[in-house]
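Worksheet for the structure shown next.
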Ligand code: G
Ligand code: G
Ligand code: NA
Ligand code: MN
């Protein structure tokens, strides 16, 4: 009961904020994007991770408001970085309920309001979030792609992985779940999954992002397997906007 009231107040007061984690090219180490990850700066409990409040927020019917706030902050931030001469693509996580036609209007409006080139926004969906209505989801995502926004499939390999889904959806990128990535050096079976995912994705004209890259040995293995992009603590943990701006500047 208390968290419900607190969450509503938090949304009104914009106590939710985004941290940004870099995504780096496996071949040349260049920054190719950032993933936006929501946090709740709770007045008493400090910085809360999504696991502490997102499910509750969904149950309370606040999911739409959170997505709206997250999209707004992400587009605003991407627009600031672009204006500062350091354009970087920002990826935003969506839930199943977000993938509706209303989202297309909202994204179009935000891009226009902030004068953001559409290729600087990407949207992450999960297999699970579109499996219920793949045809409807394909229509929504198709309109977003028509705007120039890219779609990524998150946590690939852990959900109801239907290969048909990849054929039905206009996907630019698949993100290999970190449960495969973490053990890619030690576990031949998981290495096979990653190798096969790369072949599948590349065969369909999609890029492959590996999540949860924590050390150089893993990065070297991913390079050998042909992954395009690397994301994880090896490069940086998710950072608040000002710290991420400093991280970018320190690499130039
Ligand atoms: O940041 P970690 O930072 O703890 O994120 C945990 C989970 O929360 C991840 O699975 C991530 O996809 C999800 N998540 C993070 N930010 C958002 C968001 O803005 N919206 C949604 N729907 N999920 C998010
Ligand atoms: O489900 P989603 O893939 O979007 O999950 C992102 C989550 O993974 C966030 O909680 C983020 O903080 C976390 N994360 C990012 N990089 C790493 C990493 O290198 N190792 C681990 N264990 N978690 C990571
Ligand atoms: Na994600
Ligand atoms: Mn992910």
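Residue numbers (this note's numbering): 1 to 252. Heads up, the beta-carbon is just placed ideally off N, CA and C, and yes, glycines get one too.
- Inside the segment 54-129, DSSP marks whole alpha helix (DSSP H) runs of 4 or more residues at positions 54-59, 63-83, 101-113, from first to last along the chain.
- Placement of the Cβ of residue 93 at a distance of less than 7 Å from at least one heavy atom of ligand 1 is found.
- Restricting attention to beta strand (DSSP E) runs no shorter than 3 residues, the segment 8-32 encloses them at 16-25, ordered along the chain.
- Scanning its chain for C-beta atoms nearer than 6 Å, with the 5 sequence neighbours on each side dropped, one finds around residue 111 the residues 118, in chain order.
- Between residue 211 and residue 232, the C-beta gap is smaller than 8 Å, which places the two residues in contact.
- Close CB contacts of residue 190 within its chain, under the 7 Å cut and outside five residues either way in sequence, are with 180, 183, 184 (chain order).
- Residue 226 and residue 109 have their C-alpha atoms roughly 37 Å apart.
- For residue 178, the shortest C-beta to heavy atom distance toward ligand 2 is below 7 Å.
- In the DSSP assignment, the residues bridged to residue 231 are 23, 211.
- Residue pairing by DSSP places residue 36 opposite 20, 92 in a beta bridge.
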